[in-house]
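Heads up, the sequence shown is in numbering that gives the first Met the number 0, so the first residue is 0 and it goes up one at a time.
Where is the CB? At the ideal position from N, CA and C, for every residue including glycine.
Note that this is a predicted model, so its numbers are computed, not measured.
Below is one structure; the comments refer to it alone.
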Amino acid sequence: MWTEDGAVRPWTFGRCRDTKPRFSPDGETIAFLSDRSGRVQLWLLPANGGEARQLTFFKNGVRDYVWSPDGTFLIALTTLGDDETIEDREEPEKAEVKRADLKPRVIERLYYKSDAAGFLDGKRAVLTRIDVLSGKIEALTGREEEIGSFAISPNGRTLAFVANRNEDPDTTFTRDIILLDLEKKTETNLTNGCGAFASLAWSPDGMKLAAVGHDLAYLGATLHRLYVFEPERGTKRVLTADWDVHLGDAMVGDMHADAKGPGPIWASDGSGLYVTASERGRVNAYFVSLAGPIVPVVEGDFHLYGFTVHPNGRQAVAAISSPTSVGDLYAVSLADGTKTRLTRANEALEHEVAFAAAEPFTYRSADGLEIQGWIVNYPHLANA
């Protein structure tokens with residue numbers, strides 16, 4: 000979509016699923032994930048148009064990826080079975096599955112299924128480095144039980160990633176942040192079992208690493224906080240320790256099945272971070288300053304499920320939905336929070352269907368605790 004005229008033009012075509020498009024640092028190439036070859040693989044497309052080029056051929060496909068700061072390589076996450084290597088290529092799917100080929104599924108793990116992936120196949124996660132020009136692949140990690148978020152430092156020398164290295168990964172909530180020196184191939188455990196972390200983001204100067212996580216005080220029920228680590232100094236700060244909200248997107252719904260809430264985003268001058276937080280049935284965006292103040296940036300009775308900030312620090316784009324809007328993109332002025340709608344993805348539906356607004360209310364329980372609820376009226380009774 001071009002912001003100058005608002006025109007929306009298809010960039011990829013075909014009976015396939017294309018996801019996670021990301022511009023290269025120089026803006027000349029778009030990387031994306033696609034299942035057009037069978038498994039979900041990493042593809043590269045010239046930003047000015049042309050044929051997409053398949054970059055990976057992993058047997059089990061690609062789960063996620065990031066560009067290197069100089070655009071010469073990418074870090075991709077794949078999985079491997081016990082007898083598989085990163086050189087193994089994907090096999091063409093059988094046109095017909097015969098009854099004799101069906102095998103019973105034997106469950107031996109407590110954690111055997113997820114909403115996103117379905118039944119888990121028991122394969123291990125591996126981070127790889129892929130050269131953009133040659134396609135050469137290098138394994139950067141061993142076979143990890145689980146790898147979450149990962150991010151490359153601005154100088155391209157350090158890869159931070161979240162890993163589950165517990166002896167009993169099914170019953171232990173700890174998720175550590177590991178720092179991998181890409182030149183020396185040495186690792187440093189930044190958190191050493193002190194909590195569960197995700198959503199990593201390096202500061203512009205590469206001296207700080209932000210993460211969303213918690214100290215497991217109430218195990219899985221602990222509120223997520225915003226942490227800032229300084230690896231060279233060995234320090235960490237919790238910027239939202241006194242903010243009684245869940246950091247990140249905790250909304251659940253069927254309309255954004257593949258949407259992943261944005262993690263913390265550094266301001267271009269490194270003065271703080273933009274984050275999303277869930278409170279009272281809504282998800283909004285805020286700016287958390289390293290100096291202390293927390294300021295609303297995009298606020299309202301809606302679900303902000305996507306957010307990105309322009310390098311100039313004055314504008315942002317937010318994906319927003321509400322009970323009366325399935326979801327659209329909005330340009331946001333970071334100076335005053337003014338929103339300008341950029342898309343009308345379901346304009347025809349909006350004219351055909353009467354959406355019911357949700358009205359919030361609060362009440363007191365028997366012990367005096369204030370509880371929030373919602374009233375949804377029939378649309379035709381809205382003005383009654």
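Would you say residue i and residue j are within 8 angstroms of each other, going by their C-beta atoms?
{"i": "residue 305", "j": "residue 317", "result": "yes"}
{"i": "residue 146", "j": "residue 85", "result": "no"}
{"i": "residue 68", "j": "residue 151", "result": "yes"}
{"i": "residue 378", "j": "residue 355", "result": "yes"}
{"i": "residue 206", "j": "residue 186", "result": "no"}
{"i": "residue 18", "j": "residue 51", "result": "no"}
{"i": "residue 74", "j": "residue 158", "result": "yes"}
{"i": "residue 61", "j": "residue 79", "result": "no"}
{"i": "residue 30", "j": "residue 38", "result": "no"}
{"i": "residue 277", "j": "residue 237", "result": "no"}
{"i": "residue 72", "j": "residue 131", "result": "yes"}
{"i": "residue 174", "j": "residue 163", "result": "yes"}
{"i": "residue 255", "j": "residue 320", "result": "yes"}
{"i": "residue 180", "j": "residue 156", "result": "yes"}
{"i": "residue 70", "j": "residue 34", "result": "no"}
Can you tell me which of the options puts its alpha carbon nearest to the alpha carbon of residue i?
{"i": "residue 211", "options": "88, 91, 130, 195", "result": "195"}
{"i": "residue 140", "options": "161, 237, 17, 24", "result": "161"}
{"i": "residue 200", "options": "75, 213, 274, 104", "result": "274"}
{"i": "residue 297", "options": "363, 351, 335, 121", "result": "335"}
{"i": "residue 169", "options": "177, 158, 71, 121", "result": "121"}
{"i": "residue 322", "options": "359, 264, 181", "result": "359"}
{"i": "residue 374", "options": "367, 224, 362, 366", "result": "362"}
{"i": "residue 250", "options": "303, 288, 45, 38", "result": "303"}
{"i": "residue 343", "options": "25, 353, 66, 329", "result": "329"}
{"i": "residue 310", "options": "236, 269, 36", "result": "269"}
{"i": "residue 48", "options": "83, 36, 8, 65", "result": "8"}
{"i": "residue 166", "options": "103, 144, 368, 351", "result": "144"}
{"i": "residue 82", "options": "242, 289, 234, 123", "result": "123"}
{"i": "residue 178", "options": "36, 229, 222, 114", "result": "229"}
{"i": "residue 349", "options": "291, 324, 290, 284", "result": "324"}
{"i": "residue 288", "options": "282, 239, 281, 184", "result": "239"}
{"i": "residue 301", "options": "214, 346, 281", "result": "281"}
Alpha carbon to alpha carbon, how far is residue i from residue j?
{"i": "residue 27", "j": "residue 248", "result": "31 angstroms"}
{"i": "residue 149", "j": "residue 63", "result": "9 angstroms"}
{"i": "residue 189", "j": "residue 332", "result": "36 angstroms"}
{"i": "residue 266", "j": "residue 226", "result": "15 angstroms"}
{"i": "residue 87", "j": "residue 32", "result": "19 angstroms"}
{"i": "residue 107", "j": "residue 203", "result": "44 angstroms"}
{"i": "residue 253", "j": "residue 326", "result": "12 angstroms"}
{"i": "residue 134", "j": "residue 126", "result": "15 angstroms"}
{"i": "residue 307", "j": "residue 23", "result": "16 angstroms"}
{"i": "residue 208", "j": "residue 279", "result": "29 angstroms"}
{"i": "residue 58", "j": "residue 90", "result": "7 angstroms"}
{"i": "residue 246", "j": "residue 260", "result": "11 angstroms"}
{"i": "residue 338", "j": "residue 315", "result": "9 angstroms"}
{"i": "residue 100", "j": "residue 224", "result": "48 angstroms"}
{"i": "residue 111", "j": "residue 220", "result": "21 angstroms"}
{"i": "residue 376", "j": "residue 353", "result": "11 angstroms"}
{"i": "residue 182", "j": "residue 154", "result": "12 angstroms"}
{"i": "residue 218", "j": "residue 172", "result": "7 angstroms"}
{"i": "residue 272", "j": "residue 313", "result": "14 angstroms"}
{"i": "residue 216", "j": "residue 103", "result": "40 angstroms"}
{"i": "residue 294", "j": "residue 118", "result": "41 angstroms"}
{"i": "residue 14", "j": "residue 234", "result": "49 angstroms"}
{"i": "residue 370", "j": "residue 241", "result": "21 angstroms"}
{"i": "residue 385", "j": "residue 43", "result": "Absent from the structure is residue 385, since the part of the chain shown begins at 0 and ends at 383."}
{"i": "residue 286", "j": "residue 262", "result": "12 angstroms"}
{"i": "residue 36", "j": "residue 283", "result": "38 angstroms"}
{"i": "residue 222", "j": "residue 290", "result": "22 angstroms"}
{"i": "residue 53", "j": "residue 45", "result": "12 angstroms"}
Between which two residues does the beta strand (DSSP E) carrying residue i extend?
{"i": "residue 208", "result": "208-213"}
{"i": "residue 188", "result": "186-188"}
{"i": "residue 196", "result": "195-201"}
{"i": "residue 156", "result": "Per DSSP, residue 156 belongs to no beta strand (DSSP E) and is neither H nor E."}
{"i": "residue 369", "result": "369-375"}
{"i": "residue 365", "result": "Where residue 365 is concerned, there is no enclosing beta strand (DSSP E), given that its DSSP letter is neither H nor E."}
{"i": "residue 125", "result": "123-130"}
{"i": "residue 137", "result": "136-138"}
{"i": "residue 66", "result": "63-66"}
{"i": "residue 178", "result": "175-180"}
Compare the C-beta of residue i against all C-beta atoms of chain D and say whether one is closer than 8 angstroms.
{"i": "residue 112", "result": "Reference to chain D is not applicable here, since this structure consists of a single protein chain."}
Alpha helix (DSSP H) segments (min. 4 residues) lying fully within the segment 280-360 = 346-351, all fully within the segment 280-360.
What are the start and end residues of each continuous alpha helix (DSSP H) run of 4 or more residues lying completely inside the segment 212-274, in chain order?
-> Complete alpha helix (DSSP H) runs here, min 4: none at all.
Unbroken beta strand (DSSP E) runs of length 3 or more, entirely within the segment 71-115: which are they?
-> Entirely contained in the segment 71-115, the beta strand (DSSP E) runs reaching 3 residues are, in chain order, 72-79.
Whole alpha helix (DSSP H) runs in the segment 23-55 with 4 or more residues, listed along the chain?
-> Fully enclosed alpha helix (DSSP H) runs of 4 or longer: not present.
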